[in-house]
Amino acid sequence: MEERLGIAGSGAIACGLAATAAQHGEVLLWARSERSADRARGMVSKWCGKLSEEPIADRVTIVSTLEELAGATFLVEAVAEDHATKAGVLSELGRHSNGTAVLATTTSSLSVAELARETGKADRFVGLHVFNPVPKMDLIELAYAPEAVDEVRARARDLCGALGKTAVEVPDIAGFVVNRLLFPYLFSAVDLLEETGMDPAAIDRCMQLGAGHPMGPLALLDYVGLDVSKAIGEAIGTKVPARVEALVAAGDLGKKTGRGFIDWTK
0 MEERLGIAGS GAIACGLAAT AAQHGEVLLW ARSERSADRA RGMVSKWCGK
50 LSEEPIADRV TIVSTLEELA GATFLVEAVA EDHATKAGVL SELGRHSNGT
100 AVLATTTSSL SVAELARETG KADRFVGLHV FNPVPKMDLI ELAYAPEAVD
150 EVRARARDLC GALGKTAVEV PDIAGFVVNR LLFPYLFSAV DLLEETGMDP
200 AAIDRCMQLG AGHPMGPLAL LDYVGLDVSK AIGEAIGTKV PARVEALVAA
250 GDLGKKTGRG FIDWTK
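Using numbering that gives the first Met the number 0, the first residue of the sequence shown is number 0, and each one after it goes up by one.
Below, the structure is given as structure tokens:
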């Protein structure tokens, strides 16, 4: 891998991306707190152990300030799916990055052009939408601000290839392609659940066995995170079901909290 990846974030996407990249080179990962850093070490180590028999987790260096990512040639923001949160991190990354570094966001639904402007370097910016779990998912959607130069587009495609991923360039529209098509379907499963009173597992089983889906829609919402799913739905203009709103309000966000449509503690 020709790029040295610097990742701002310590959640599932950030850690999955770090573990994937560690198969091919050195990685820097920023965590906001020591608690986040400890959790990130565990997630990175777990994924790296699944991906290689070699101690590739040692290639991931966790840092505590965004300034420490300045040595990276490809800087990726991977924090919460909220414009203000992402904008704050991207603005700081823009200040610390050198003149040749590429800046990127892993947003799944927000405007790439608007986030690009927060960096002050829109010509060197790319939307790098990876999918969770990153080590297993082949696709990366690439979206650009109008100012993006050809060199940045080429480096983004080359990075995807080096990570063993398939890059598809998509328009900078809310939800890009996958989420724009996927979430209306996922939310329709919630509506069906409410209309029929079916067991969530039964709906999921129907779509797995009848439609060949690897995961049912309700389990997938839980896996994505119901808070993230709500944010995506709002961004793409799809009505968020009341059941999703209620679960988020209760703090039942899916797999990451142990409970959502499914009880993940069992």
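C-beta: ideal position from N, C-alpha, C; glycine also.
Predicted model only: the values in this text are computed from it and were never measured.
- Fewer than three Cβ pairs drawn from the region 148 to 157 and the region 173 to 183 lie within less than 8 Å of each other, which leaves the two stretches out of contact.
- Residue burial is scored here from C-beta neighbours: P134 has at least 16 other C-beta atoms within 10 angstroms and is therefore classed as buried.
- Within the region 1 to 77, the runs of beta strand (DSSP E) that reach at least 3 residues and sit entirely inside it are, in chain order, 4 to 7, 26 to 29, 59 to 62, 73 to 76.
- For T195, the enclosing alpha helix (DSSP H) has its first and last residue at 177 to 195.
- Within the same chain, and ignoring the five residues on either side of S32 in sequence, no residue has its Cβ closer than 7 Å to its Cβ.
- Counting along the chain, the unbroken alpha helix (DSSP H) around L246 starts and ends at 241 to 248.
- Using a Cβ distance threshold of 8 Å, V239 and G232 count as a contacting pair.
- For G87, the enclosing alpha helix (DSSP H) starts and ends at 82 to 95.
- Between A166 and I139, the beta carbon gap of about 5 Å places them in contact (Cβ cut-off 8 Å).
- Residue pairing of I139 in beta bridges, as defined by DSSP: V129, A166.
- Bridge partners of T104 according to DSSP: E76, G126.
- F130 is the residue among M214, R242, G10, F130 whose C-alpha sits nearest the C-alpha of S108.
- V75 has its alpha-carbon roughly 33 Å from the corresponding atom of V189.
- When the Cα atoms are used, R123 and M197 turn out to be separated by approximately 49 Å.
- Here T237 has F182, P183, F186 as same chain residues with Cβ atoms under 7 Å from its own Cβ, once five neighbours each way along the sequence are excluded.
- Assignment of D171 by DSSP, reduced to helix, strand and coil, places it in the coil class.
- It is roughly 11 Å from the alpha-carbon of T106 to the alpha-carbon of N178.
- Rounded to the nearest angstrom, the gap between the Cα atoms of D37 and S63 is 12 Å.
- Cβ contact annotation for A147 (same chain, cutoff 8 Å, sequence separation greater than five): A115, A121, D122, R123, F124, V125, in chain order.
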